[in-house]
Amino acid sequence: MACGFAALGGVALAQTAAGAQQDSSAVGNVFQFFEPVAKSGLEGIFAFLDSQQLVFLLLAMAIGYPLGKIKFGPISLGSTASTLLAAVLISMTASAAFGMTYAIPGIVSTIFLSMFMYALGLGVGPKFFAGLKSAGLAACVIGVIIWSLNWAICMVGAELAGLESGFAAGLISGSYTITAILGVAQSAVQSGAATIPDGMTAEQIGANMAAGYAISYILSSVGIILLVRYLPSMFGHDPVSDAKVAETEFAGSGTHPLPGTPEAFLLGYAPVDLRAYRVEHDLVIGKTVEELFHAYPQAPVLRVVRDGQAIDPEDNPTIQKGDVITVRSDVGQMILKGGEIGPEVDDTLARSVPIGAADIHVGSHDISGKTLAELAKTIGFGLRLTAQFRAGQEIPVGPQTDVRFGDVLRLTGPEHSLRRAAKDLGGREITNATLATTEVMYMAIAMLIGYVVGVLSITIAGIPFALGTSAGCLLMGIFVSYFRSRNPEFGGPVSEGARSFLQDIGLNVFVAVLGANTGPKIISALGGDTVIWLALIGTVAALLPVVVAYFVGDKIMKMNSVINAGACAGGRNSTPSLNAMLDQSKSAVAAVPYPVAYALTTVLALIGGYLAQVLS
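Under numbering that gives the first Met the number 0, the first residue of the sequence shown is numbered 0, with each subsequent residue one higher.
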């Protein structure tokens, strides 16, 4: 036995030793992983960021978010501008100090920007088409002003500064933050439409484009975010209050939030109209819950308590003497008086009937054409109508208001009553719990369609025109949200928390990638007086047209200050500046005019970039 225990002890010691060696090996692997960083110090840290690009992105956001909250007087950068700055500074330091060039694949920025644009579209969709009627033309005017002034400043500035061929197109591309302009300008050189000056090569022109682009891009990216963020305040407006005014105007005449929106069920419900009675009179005894409903439709029985146990009203129980029943009806309008049932009692179980709210789409043609009064007698068991929507607009309601196929009814009542009404109306009850979940399949399909539509291009006179993948995803988000306001079942639910997260993380990862890839190009472009001219012209071209356009919109066209700022952001093709305005105004309404101005100026900017290279 002793030998046996000794043998077992030896095995145990061997296993322990082996385990210790494995643990030591694992720890050693960890130290081997970080050893290059520890040995090479600061250079090792930047090398680690180069090899682990996710760490770079997380670090840029970890620095940018708290930095964006710091106020310099009344001004703060915001998370987007500060994340971009953090990424640029890290990338520039790596390039200048250690000769490292960070290059994060473009697919990363494309994915996250697409997520941002789709989430933004979901937030603004119900107000978009209503906003187009009042702000569509104005947004186009704002966009044309910004584009024409930007083009003129870059062309005239490059000529006065004596800059070589290629710089003007690069300045337009960078100050407008549209990289595709470089492509059309390069195509003008390659096709022969733009002549190559004596003593220069196509490669030199391309290098000039890149330098002009890099310098002006960073300065204009940060500058436009700060400018648009504070434009309303600069002109004496309160963006928060003006945003509320715009939301009211674009929401129509209704007083209730549209179906499918996160505000739809932010309502306070209290069982103030729930009364509990002990059954003692023959008028009620022996009748079923259904029979009582048809006899007294304005005072339905919502709960039956018998011997301390609640009975499900869906089972249509027969009322017995001594039962405690819960009746829902407005005090003063009760059909069943207390004396007709029995004495009123303070029964906690009877009175604790949970009352919820739901939007239900009318999908039954058999229901279409009936009045609310008629439906109340058949399917209104314990329900109250809060609002009725038709074609995305709230309509006045009364007993003789007809219900049509496609209408959305917002009802309050017990869960079993809501389920019953949804079945009878031919729809599905959409509740706050429904909107707290996210259906990824529909989101993926919508983004897929938007991306494909954005990729498709039409070539006119050698210039390719495309909507752009980000704009395609934005429009799909708008369409999904718009149609959901007409049918809350459309497109699957998307929780407001998930939508807000996608919007926030999507844009900030995009600008972090942008900062990583652009930082080294700034270093290569620095040198001589050229960099000063590029910085000056690029900054003026990026900011001055926006100020002029905002002035026109504010003083001449009398636009809402937040809508005006959204149009300026779209006219400048600057999604980060739009996000800054959304944050400053605490509303998504600024995004209403954005796609209109964005789409128009994208086309104009591409044409302008092509002509700039031909004429320079």
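We put the beta carbon where it would ideally sit given N, CA and C, even for glycine.
From a predicted model like this one, the values you see are computed outputs, not experimental measurements.
A contact is defined here as three or more CB-CB pairs under 8 Å, and the region 133–149 fails this definition with respect to the region 499–509. For residue 420, the CB contacts under 7 Å within the same chain, skipping 5 residues up- and downstream, are 359, 378, 382, 410 in chain order. In this structure, the beta-carbon distance from residue 563 to residue 552 falls below 7 Å.
Here residue 415 carries a helix assignment [DSSP, helix/strand/coil].
Counting only runs of 3 or more residues that sit fully inside the region 268–305, the beta strand (DSSP E) segments are 273–277, 300–305, in chain order. Pairwise C-beta distances place the region 46–53 in contact with the region 98–113, as three or more of them are shorter than 8 Å. Partner residues in the beta bridge of residue 358, as assigned by DSSP, are 409, 429. A straight-line Cα-Cα distance of about 9 Å links residue 533 and residue 169.
Cβ contact annotation for residue 234 (same chain, cutoff 6 Å, sequence separation greater than five): 553, in chain order. For residue 404, there is no enclosing alpha helix (DSSP H), as DSSP marks it with neither H nor E.
In the displayed model, residue 557 falls within coil according to three-state DSSP, outside both helix and strand. Minimum Cα-Cα distance from residue 610 among the listed residues 316, 180, 228 corresponds to 180.
Put simply, of 89, 160, 304 the residue whose alpha carbon is nearest the alpha carbon of residue 274 is 304. Beta-bridge pairing by DSSP links residue 588 to no other residue. The region 112–123 makes no contact with the region 82–99; the number of CB pairs closer than 8 Å stays below 3. According to the DSSP assignment, residue 92 belongs to the alpha helix (DSSP H) that extends over 77–97. The region 81–92 and the region 576–593 do not touch, with fewer than three beta-carbon pairs separated by less than 8 Å.
Under the Cβ criterion (8 Å, minimum of three pairs), the region 341–355 counts as touching the region 315–330. Per DSSP, the unbroken beta strand (DSSP E) holding residue 393 starts and ends at 392–394. Closest by C-alpha distance to residue 535, out of 110, 343, 504, 216, is 216.
Just so you know, the alpha carbons of residue 514 and residue 368 end up roughly 59 Å apart. Around the beta carbon of residue 185, 16 or more other beta carbons sit within 10 angstroms, so the residue counts as buried.
Taking the C-beta atoms as reference points, residue 218 is found nearer than 7 Å to residue 537.
Between residue 77 and residue 177 a beta carbon distance of about 22 Å is seen, past the 8 Å cut, so the two are scored as non-contacting. Here the alpha carbons of residue 212 and residue 172 stand approximately 6 Å from one another. The continuous alpha helix (DSSP H) containing residue 228 extends over residues 201–233. With fewer than 16 other beta carbons inside 10 angstroms of its own, residue 294 counts as exposed.
Judged by beta-carbon spacing, residue 448 lies within the 7 Å limit of residue 475, meaning their Cβ atoms are closer than that value. Within the model, the alpha-carbon separation for residue 286 versus residue 299 is close to 13 Å.
Under the DSSP definition of a beta bridge, residue 327 partners with 273. Burial state of residue 374 is buried, judged by a 10 Å Cβ sphere holding 16 or more other Cβ atoms.
In the DSSP assignment, no residue is bridged to residue 340. Sorting 568, 191, 558 by C-alpha distance to the C-alpha of residue 236 places 558 at the top.
Only exposed fits residue 201, as fewer than 16 other CB atoms lie within 10 angstroms of its CB. Relative to the Cα of residue 459, the nearest Cα in the group 364, 505, 603, 547 belongs to 603. Pairing residue 390 with residue 446, the inter-Cα distance amounts to about 25 Å.
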